Structure formats: structure tokens, C-alpha cells
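Chains as they are written, first to last, in the UniProt record's numbering: chain A, 1 to 434; chain B, 1 to 434. We put the CB at the ideal spot given by N, CA and C, even for glycine. Model, not experiment: these values are computed from the prediction.
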């Protein structure tokens, strides 16, 4: 009865929590891998967290004891100041160094964040592996047309740059295409640049703010969101920011901030950290170096196991092509493979369907939330599985070097077989665009 | 143009920011009183902040250096753990000691918080000074009928206990009346108990949770909100909680928490503080003692200035009766008096109309956000103003000891005149119910 008296939103059961993304997390929680106590447990590769550079921040904290002890210049307590601070727009010092306006609490995954709370419908822009999942004018127009057929009023385009789940940064050409499109359609562009600080490879990251320069008709319709969850690996600190030149958007975001302000205690700590330019320079450089190395290890490991992935230059994950492992080239087949990965192989990875990919068989594999030893265990498990899987399903085709599906464009030699199971050795073809 | 593409909420200009409550804050910001550098500035008595006991928390922090330095047991760093923590339901240790469920960021003032964000309409329950602003069945039914006439679907009753702005705790009889009413009307009751820890006088605070005991039909329709902003004086830390036994409400609040989670950094610090039972016992006792003393000073000071107030036992403010100072007994008259107070007397206090009081002439006067010296300056200013005001307007009636308006029930002797302006001396009658 009392469900009816609640608002539609409060009474709504759906929050994306039944997706395989969350189910995988739940299974991991029940049986987490531990190198000492649970070696057969599930390895969490579905979590885009950056745990590679905590030691750098810990060292910085060690060297700033006054700060942690609520002291300024070694003596005066700043506790009262922090206890009372309530400006919804955030600390001036914090804003200065974070450079963005209107701070809010960040959270991830668009379905959960947007659909339930705001009631908006999300219409995926369907990109294809045939061109490395490039954002094209045709893909934008097709999605726009699909929304219109559903009688949806299109308000804007939302992108992640660098992309989640692709791990690629949006190219200058794609940004220009997007800006042209939102101007032509008279809609907004929201660029989620939460992974901008993870850009470890070439080509470098280009913010939409840069692509906007010289265009006179876009600044009121482009909005950037950012956070410290990925770059600094601080999701628990709940810090995000919105950057916009649209006064209505900034005013609304400021009002909304009253419900999601960052604790002054945390703002102060982080403003001190961010304002240490020398530390931040070193941190960024070292963090990117570590991400690049870990990315290299994962890509190489996946290759060893006979799995290719989209060439990428950013993010905390790879976009792995497991289409050749599907029993049927459908989303049902993808879900079956995901379940095997989770329950038999003991790897929690995210199926493409949970990211609205319209080609079955792609998986997001995270690499920055686990140790390199755990990564190696994951790769050995995957290799054993792929070997047995391919040998039983498709060994004839593979051994003759025949392509497994038409969209694969580049041959990558597999290293010699190392597993004790199966005996496949040869070539795989993977999509390598992007 | 792009305002139209935004949601109605984002494009809505109204956020209660044009009320006298916020205008007073703005004027204060322009010209804040300072005992050394700006003795003619505005004194901020419109801010329900508790600054009386910060020294206690500061001492506790001093004695817990490991905690502030992200250390557990003196050595192991808890930084990584905090950096990654993201359970929307909050730290178990934090919940245990705060005792309430589903943490969120708190903010104050219902118009701003509820109307803009949720789109609900608030229909005030009109209480009267004639019975000390008691919540009666008749007042509830009248408000319900008014809402129905406006074609509003009534979802629930929202109270503050202890009351803001009255400074009185809700009596057991009032709580029973409220529970009977929400059962009879099949609606919800939300009890905002943010000031529960400020209850310094007799009768003691009774939570609706206590009043519910033994009633079988209410637990799913009663929801309590609380926070650390008033009891511990930590509004900058943005910590609040919702307590409900309604699974739909808890589920919705948990989902909503993803947008307003408390920084793990802050949750950890506060869970350590709250779990120190001996400290919390001493803090609560000493904080209440200080609030009681400061309250006594304000009430006495107001009496000295010829201003009575509702008898109260909680909160960070008094509900002052300035009806005798109105030039006209209208809300226009109240606004004129408020402006005089702000611009001529230099006191920012909140007019009753900003709290939906339906009797012109009542003001909320805060006492815990300023020093006792500043309070005394405020009282001297007020006395000078009241003396000149009453002497010119109504001195004949006052000097003859005649009542100024029929609703005043109790005579309070005024102390001897101390101001250099005016020469009124005698008795005032004030409402002293509650």
C-alpha cells in the first residue's frame, strides 16, 4: 500500500542492479580470489579502479602531518573553519587547482546514474568494430533517428572521453563531428572526461574544451564532467566537477550541490594535494608510466591466451574481442560466455551488452585494480580456458589459419603454447582499429 | 534558447533564494560585524550554527594524531581503504554509532530543499501563539483541507522535532496526535530530528521512534532524518541519515545515496569520534550545559530589551515576540521591522514569514553561532532600538502598564533601564506558552 504513496522514482525497482555488471560484482563478493587463502576464487577484473599509485599519495601524506592534523602553519587549527564551511560552489583553492566549477559527488555507469534519477532514456550510438568503434556522423544520425521513432525529445549527446569501455581517447575528427552534430541539431553535448588523467599512450587526450576553441556557437551547449576517482584513484572521496559556460546549467548545478557537497574536511585535504604542483607533475607522470606498463602486460597476456583487444591509449581497462569464443554469435551466447568466465574460469569481466555494445562478444577487462601477480594468474586461467574452448570448438579452422569471422583485419602471431591443457598453436585475427 | 532544452527544474529560477532569510545573509556578508575592525557591522543572528563546543572536538583531535594521519594502531595506513570505499549504505562502524541508516548529505530549510528539487508543494500547518504554537488535530485537519482545496495529493506530514524555529521539543501528546492523524489519513510522517542533541532543558526530547512503540500500524509510514550539523556543529562535513522501516524508502534512499555519499575520509574520522563513548557522553553533557547557559543569556537579554520569547527547551535560537514593535500588524509591517533590524540596528534575524508563521511579528534569533560578547552588543543595540521605538509609538500605554495586544498572557518584569536612549520602564506582556 505505502509503495503507492511514494513517488514513482522511489517506488521504481529498476536501477540497473540486475545487469551482469552488478551480478558479477555480487559473485565476486561471495568468493573473492586471494593469493594465500582463496586461490580458486574469482578475480575482479570488472572494476575500473586505479590502485597503481597509492604509494605516491601515501608518501605525500606522510610528509604533510600538519595537514592531516587540521593544522595550518604547524599551529593554528583549521578545524572550526572546515566544520562550518558550506559554500555549494566549493573551496576557492580547490576550484583553482582542479580548474573546474560546481563540485558534486561522482558516481559511475550511466544507466544507473541517469535513467533512474532523472527519468531520461538513453539511446546508444551504435558504433562498429569494422572501423574501431569510431563515432561517425552516420552513427549519430542513426541514433537520433531511432530516438525520434521512439518519440523521445533528444536533449543532447553524452560521450566518455577517453572512452569507457573502449580505452581510446576521442580523436580531433570525432570531436569535430560531434560539435557539428550538436550545432546542427540544436542540442547539448556532455563530455565525461573522468578518465582524462589516465591517457598514457599516443595519440594524446584532447578535451572537447580544446576542440571548441574558435567555434563561436557552441560554448553554451557543451558541458564537461570530471572527477578525482580515476586519475587519483579516489572514488571513496566522492569528488567530481561540472564545467559549463551555460549560466542556467551552472545555476542548476550549484543548487543541486546543496544535496551532494563534498565534505569540507576532504575538500581541504585535496586542495592542498592538488596545489602541490611539483608533486602533481611527478604523480601524473609516474601514474601514466605505471598504467602504460600494466596495460602492456594485459595486452601481451591476452595475446598469449589468444585474445585480441582494441588498440587503446587510455583508461583502466582493455576492450577485449572474444567473439571467437562465443558458441552462438548472439547476446545469449555472450551471456553464456560471461557466465563461464565468472563461474568456471573465475574472472569477473564486463560483457559488452552491459555497455550497450551491439556486437556480441566484446568484454571490458580491467587491469589497474589488481596486482601484477593476480593479473598473471588471470591470464593463465584465461589461456587454459581459451585453449580448451578453441580446441574443442574450432581447432580445425584455427590450425589451418582460417579467419574466424569476417570483421577481423589484422593477424597477430600467438606465442608458443604454455598451458598444460589443449594444444592449439597458430594465428588469431583481431580487430585493431581505433 | 538553451534554457528551453534544459529540464524544468534546471531552468527554474526560484530556489527560495529571494526570501528575507537569504537576503539577510547577503547583507551580513557585505557588512559583517567585527569587534575590532567593524563595530557597526551587522551581527549574524540568522544562522542556526552551534559554535559553542568546538574546543572539545579540537582537543579530541589533538589526542588522536594517528587518526588524522590515516593511521590504524599507529602504523598501518588506512589511506587505500578509504580511497576506495564506496558502499552507499555507509561505514558499518559509522552506522553503528550514529545508529541510523542510509547516510546522505544534509542541508537545511525546507522550501529550498524540498520544493525546488522534488517539485512538492508545502502547505504549512498553521499553529497559533494563543496555545504556544501547539500542533493540534484541528490545525492538522485544517491544513489537510487547505491542501485538498488546492487539489494537492497529500503524501505526508513533515515536522521538526525539536522545532525550528520555535526551539521547543514536540510533546508526547503532540506526537500521539500526529501519529493518529497520519494513520487516519493513510499518509506518511517525516520527523526531522536534526536538533535532537540540542535539547538542553525540561521537558526532555522525545523521538517519534519512542512514541511509535506499541503501535502496530505505523512503522512503515514514519521516517526520521537526522544529522551531525547541529549536535556536533559540523555542517561543513555534510553528514545526515535517514531512518526508516519502510523497505521502499530505504531502497530509494540507498540508490539516491550514490549521488550524495559522504566522503570515506570524513566517515572514518567521524566513526572514530562517535565510537568514543566516554568522549561523546562528556561532549553531549557539556554542549547542552553551554547551550542552556547561552540560551539563558539571550532570553534575559531580550527581556532587558523589552522583548519576550516563547519558552523553549532546545535548538540554537529563540522565537522572539516583536509584535509590539510592528507599525502595522501585517506581514508588510513585519518586513519593515526586519529591514529596520537589518539596516538600522545591524541585526540579521529571521522573520516569521520566512518560516511560514501566519502571525506577523515573530522572529527567530540565533544564539550559538556568536560569542557572548557579540551577543551582549546585539542586546544593547536591540534595547536602544526598542526603547526609542516604544517610547515614540506607545509610551503612554506602556507607562500605564496596559497590555499591548490581547494574546499576551504573562507579565514579566523588565529590569531597570540601562540604555542612554529613551526612558521606558515598566512591564511587558508576552506569550509564554509551549
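Task: residue 126/B versus residue 119/B - alpha carbon distance - done: 22 Å
Task: Chain-ordered chain B contacts of residue 265/A [CB-CB under 8 Å] - done: 236, 237, 263, 265, 266, 269
TODO: Compute the Euclidean distance between the alpha carbons of residue 374/B and residue 36/B, then round it to the nearest angstrom.
DONE: 11 Å
Task: Backbone secondary structure at residue 32/B - three-state DSSP - done: strand
TODO: Return the residues of the segment 212 to 238 of chain A that lie within a Cβ-Cβ distance of less than 7 Å from chain B, sorted by chain order.
DONE: 220, 221, 233, 234, 235, 236, 237, 238
Open item on the list: For a test of the three-state rule: what should DSSP assign to residue 104/A, helix, strand or coil?
Closed with: Because residue 104/A sits at a pLDDT of 45, beneath the cut-off of 50, its placement in the model cannot be relied upon, and the following sentence gives the value as read from the coordinates. If DSSP states are grouped into helix, strand and coil, residue 104/A belongs with the strands.
Task: Contact set for residue 148/A: own chain, Cβ-Cβ below 6 Å, skip 5 residues either direction - done: none
Open item on the list: Please report whether the beta-carbon of residue 506/A lies at a distance below 7 Å from any beta-carbon of chain B.
Closed with: Within the shown structure, residues of chain A are numbered from 1 to 434, placing residue 506/A beyond reach of any answer.
TODO: Return the first residue and the last residue of the beta strand (DSSP E) that residue 190/B is part of.
DONE: 188 to 192
TODO: Indicate whether residue 191/A and residue 161/A have their beta-carbon atoms separated by less than 7 Å.
DONE: yes
Task: Cβ-Cβ distance between residue 19/A and residue 338/A below 7 Å - done: no
TODO: Following the continuous beta strand (DSSP E) through residue 364/B, name the residue where it begins and the one where it ends.
DONE: 362 to 366
Open item on the list: I need the boundaries of the alpha helix (DSSP H) containing residue 248/B, first residue and last residue.
Closed with: 247 to 257
Task: Euclidean distance between Cα positions of residue 437/B and residue 155/B - done: The question about residue 437/B has no answer, for chain B in this structure spans 1 to 434.
Task: Cutoff 7 Å: residue 21/B Cβ touching any chain A Cβ - done: no
- [ ] Within 10 angstroms of the Cβ of residue 378/B, are there 16 or more other Cβ atoms? Answer buried if so, exposed if not.
- [x] buried
- [ ] Give me the Cα-Cα distance between residue 223/A and residue 326/A, rounded to the nearest whole angstrom.
- [x] 39 Å
Open item on the list: Across the segment 198 to 216 of chain B and the segment 349 to 365 of chain B, are there enough close Cβ pairs to call them in contact, namely three or more that are closer than 8 Å?
Closed with: no
Open item on the list: Does any residue of chain A have a CB that is nearer than 7 Å to the CB of residue 260/B?
Closed with: yes
TODO: Look up residue 6/B in the DSSP assignment and say whether it is helix, strand or coil.
DONE: coil
- [ ] Just mark residue 219/B as buried or exposed, buried being the case when its beta carbon has 16 or more other beta carbons within 10 Å.
- [x] exposed
- [ ] Flag this pair as touching only if the segment 315 to 325 of chain B and the segment 267 to 279 of chain B have three or more C-beta atom pairs under 8 Å; answer yes or no.
- [x] no
Task: Under 7 Å between C-beta atoms of residue 305/B and residue 169/B - done: no
Open item on the list: For residue 134/B, which residues in the same chain have their Cβ closer than 7 Å to its Cβ, ignoring the five residues on either side in sequence?
Closed with: 127, 174
Task: CA nearest to the CA of residue 208/B, picked from 234/B, 179/B, 256/B - done: 179/B
Task: Per-residue contacts from residue 83/A into chain B (C-beta, under 7 Å) - done: 54, 233, 234, 236, 237
TODO: Could you please give me the residues that DSSP links to residue 158/B through a beta bridge?
DONE: 190/B
- [ ] Tell me, to the nearest whole angstrom, how far the beta carbon of residue 235/B is from that of residue 49/B; I am working on the premise that it is less than 8 Å.
- [x] 7 Å
Task: Opposing strand residues paired with residue 223/A [DSSP bridges] - done: 190/A, 244/A
Open item on the list: Tell me the rounded alpha-carbon separation between residue 347/B and residue 358/B.
Closed with: 22 Å
Task: residue 127/B - DSSP class collapsed to helix/strand/coil - done: coil
- [ ] At 9 Å on the CB atoms, spell out the chain B contacts of residue 347/A, in chain order.
- [x] Going along chain B, no residue has its Cβ under 9 Å from residue 347/A, so there is no contact; the nearest lies around 20 Å.
TODO: Below 8 Å CB to CB, which residues in the same chain sit around residue 46/B once its five sequence neighbours on both sides are set aside?
DONE: 21, 24, 25, 28, 348, 349, 350, 364, 366
Open item on the list: The beta strand (DSSP E) that contains residue 317/B, what's its start and end?
Closed with: 317 to 321
Open item on the list: So, at 7 Å on beta carbons, what are the nonlocal neighbours of residue 292/B in its own chain, with the 5 sequence-adjacent residues on each side left out?
Closed with: 200, 201
Task: Chain-ordered neighbours of residue 79/B on chain A, where CB pairs are closer than 8 Å - done: 54, 57, 58, 61
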